[in-house]
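Below is one structure, written out as structure tokens, with a few remarks after it.
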Ligand code: ATP
Ligand code: MG
């Protein structure tokens with residue numbers, strides 16, 4: 047059976063073969079191709095050593111040299127080329143103690159996690175190699191470990207999370223025997239580095255069967271180890287109008303949220319603070335907990351910022367019948383981008399309370415339309431939109447640079463948000479003068 051292979055991946059295999067080495071495409075690319083998805087990355091395995099790979103491909107980066115992986119840059123794309131290996135024991139539960147290079151493809155495939163990831167393809171002979179029934183499991187939409195699941199999860203506990211990740215992204219069922227050891231080994235996940243855990247959680251979060259995946263994490267005791275703050279919402283009520291407990295609400299909100307990473311993180315963590323209080327400040331408390339969780343997982347500053355901003359404002363009060371002035375103030379407060387994302391987050395929140403779908407859709411459409419209407423007026427929403435800047439203020443009021451200049455600008459924006467017609471140079475200068483006069487002397 048022929049699999050469509052991009053020219054650079056084919057070229058990589060050809061070069062190896064022309065020099066007398068074996069070359070197969072393996073892993074996610076073959077799995078995804080057989081499922082009819084576009085693969086994200088292409089991996090080649092070969093019996094060439096890392097040194098040999100580097101000498102055949104001048105433009106290469108030794109990305110994982112100790113395990114024999116070289117990233118090779120070709121004209122129209124890049125491939126990861128890995129020397130076929132079998133792994134020694136994993137006594138630290140992170141890395142194999144040693145690896146042994148091998149010339150046997152089957153040995154390399156046998157160290158891989160799941161049968162659907164242990165398929166190889168020879169693109170020159172157009173032949174699939176499938177020693178572990180990967181294709182059969184793809185057809186049956188089943189996740190099965192290569193070999194004994196007990197051993198495989200003990201060797202590298204991250205595989206438990208990878209299993210749940212594939213449950214989410216592919217929507218496959220977990221074979222009974224494969225799922226059985228999860229509960230007993232869940233505690234081993236604590237030995238895995240936060241970076242690796244985070245990597246799998248991120249992929250899981252944007253998957254289509256997120257609810258089921260989160261349920262697997264919870265019921266097998268993995269969630270209480272990696273996201274204990276979330277698991278603690280089990281059997282805690284989020285409030286009168288909620289049909290589910292806090293954990294169920296978080297899981298359903300995230301599941302029904304658009305699959306954009308930061309939005310889904312926000313939906314998952316938005317109500318953590320309700321374990322402390324149902325008052326509005328729960329949003330602030332949730333944002334603080336989310337920051338702790340994301341930092342622990344080594345998330346980037348950008349992700350922390352976007353997730354906490356959304357959570358902090360998720361109780362926003364504007365609605366389709368709010369005045370233009372209220373909507374302008376909201377857009378100025380959170381920024382345009384977050385404002386539209388907050389609508390999606392609110393819709394996820396509503397879905398997580400089992401609200402009427404017609405209401406959820408109408409709310410989103412109507413509020414978006416109002417945001418667009420207000421944005422079209424093209425009125426000032428930020429300091430940069432004012433008809434004068436800090437230099438103008440200093441010149442007009444004969445001020446030295448200092449914090450008071452910013453304070454005046456913020457005051458002017460505040461006035462302009464209420465009354466956009468004030469955004470003219472002369473009017474703003476007069477307002478600035480008046481405001482400066484109202485400040486106690488010590489502030490000037
Ligand atoms: P993705 O679409 O996310 O890239 P993938 O299956 O390609 O999915 P990678 O992390 O890129 O995942 O790994 C490539 C291949 O390496 C996998 O398909 C699998 O065969 C093998 N693999 C990755 N991680 C492990 C692991 N922890 N244990 C065993 N095999 C693994
Ligand atoms: Mg991959």
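Numbering (this note's numbering), first residue to last: 47 to 490.
The C-beta atom is built at its ideal place from N, Cα and C for all residues, glycine as well.
Given the structure is predicted, the values throughout are model-derived calculations rather than measurements.
- Beyond the five residues adjoining it in sequence on each side, residue 246 comes within less than 7 Å, by CB distance, of 204, 207, 208, 211 in the same chain, given in chain order.
- Under a 10 Å Cβ-count criterion, residue 129 is classified as buried, with 16 or more other Cβ atoms of the shown protein chains found around its own Cβ.
- In this structure the region 412-429 does not touch the region 310-328; the number of beta carbon pairs closer than 8 Å is below three.
- Distances from the CB of residue 78 to the heavy atoms of the ligand MG are all 6 Å or more.
- Within 6 Å of the C-beta of residue 202 there is not a single heavy atom belonging to the ligand MG.
- With a contact defined as Cβ atoms closer than 8 Å, residue 355 and residue 380 qualify at about 7 Å.
- Considering only 437, 159, 86, the residue with the shortest C-alpha distance to residue 126 is 86.
- DSSP places residue 408 in the helix class (H, G or I) of the three-state scheme.
- Residue 437 is classed as exposed because its beta carbon has fewer than 16 other beta carbons within 10 Å across all chains shown.
- With a 10 Å radius around the Cβ and a threshold of 16 neighbouring Cβ atoms, residue 114 comes out buried.
- Closest in alpha carbon position to residue 140, among 241, 392, 423, 382, is 241.
- For residue 369 and residue 309, the gap between their C-alpha atoms comes out near 27 Å.
- Sorted by position in the chain, 73, 74, 75, 86, 87, 89 make up the residues whose C-beta lies under 7 Å from a heavy atom of the ligand MG.
- For residue 91, the uninterrupted beta strand (DSSP E) run begins and ends at 88-92, by DSSP.
- If you check the CB distance, residue 373 and residue 420 come in under 7 Å.
- With respect to residue 336, residue 315 sits close: the two C-beta atoms are nearer than 7 Å.
- Residue 385 sits away from residue 303, with the two beta carbons spaced by 7 Å or more.
- In the three-state reduction of the DSSP assignment, residue 319 falls in the helix class.
- Of 106, 84, 166, 105, the smallest CA-CA separation from residue 73 is found for 166.
- When DSSP assignments are scanned along the region 53-137, the uninterrupted stretches of beta strand (DSSP E) that are 3 or more residues long and fall wholly within it turn out to be 69-72, 88-92, 106-110, 115-120, 123-129, 131-133.
- Sixteen is the threshold: when 16 or more other Cβ atoms of the shown chains lie within 10 Å of the Cβ of residue 158, as they do, the residue is buried.
- Not a single heavy atom of the ligand ATP lies less than 6 Å from the C-beta of residue 348.
- By the Cβ neighbour-count rule, residue 81 is exposed, with fewer than 16 other Cβ atoms within 10 Å of its own.
- Nearest C-alpha to residue 330 among 60, 339, 185, 317: 317.
- Looking at the DSSP output, residue 191 sits in a beta bridge with 160.
- Around the beta carbon of residue 163, a 10 Å sphere encloses 16 or more other beta carbons of the protein chains shown; the residue is thus reported as buried.
- Counting only runs of 4 or more residues that sit fully inside the region 396-477, the alpha helix (DSSP H) segments are 403-422, 436-443, 449-464, in chain order.
- Residue range 145-147 is occupied by the beta strand (DSSP E) that includes residue 145, with no alpha helix (DSSP H) assigned at that position.
- Here the region 177-190 does not lie against the region 95-109, with fewer than 3 beta-carbon pairs under 8 Å apart.
- Sixteen is the threshold: when 16 or more other Cβ atoms of the shown chains lie within 10 Å of the Cβ of residue 387, as they do, the residue is buried.
- Distance from residue 59 to residue 75 at the Cβ level is roughly 12 Å; contact not present, criterion being Cβ atoms closer than 8 Å.
- Taken through DSSP and simplified to helix, strand or coil, residue 290 comes out as coil.
- Taking all protein chains shown into account, residue 170 has fewer than 16 neighbouring C-beta atoms within 10 Å of its C-beta and is therefore exposed.
- Taken from the Cβ of residue 158, at least one heavy atom of the ligand ATP lies inside 6 Å.
- Cβ-Cβ distances below 6 Å link residue 410 to 389, 393 in the same chain, with the five nearest sequence neighbours on each side left out; the list follows chain order.
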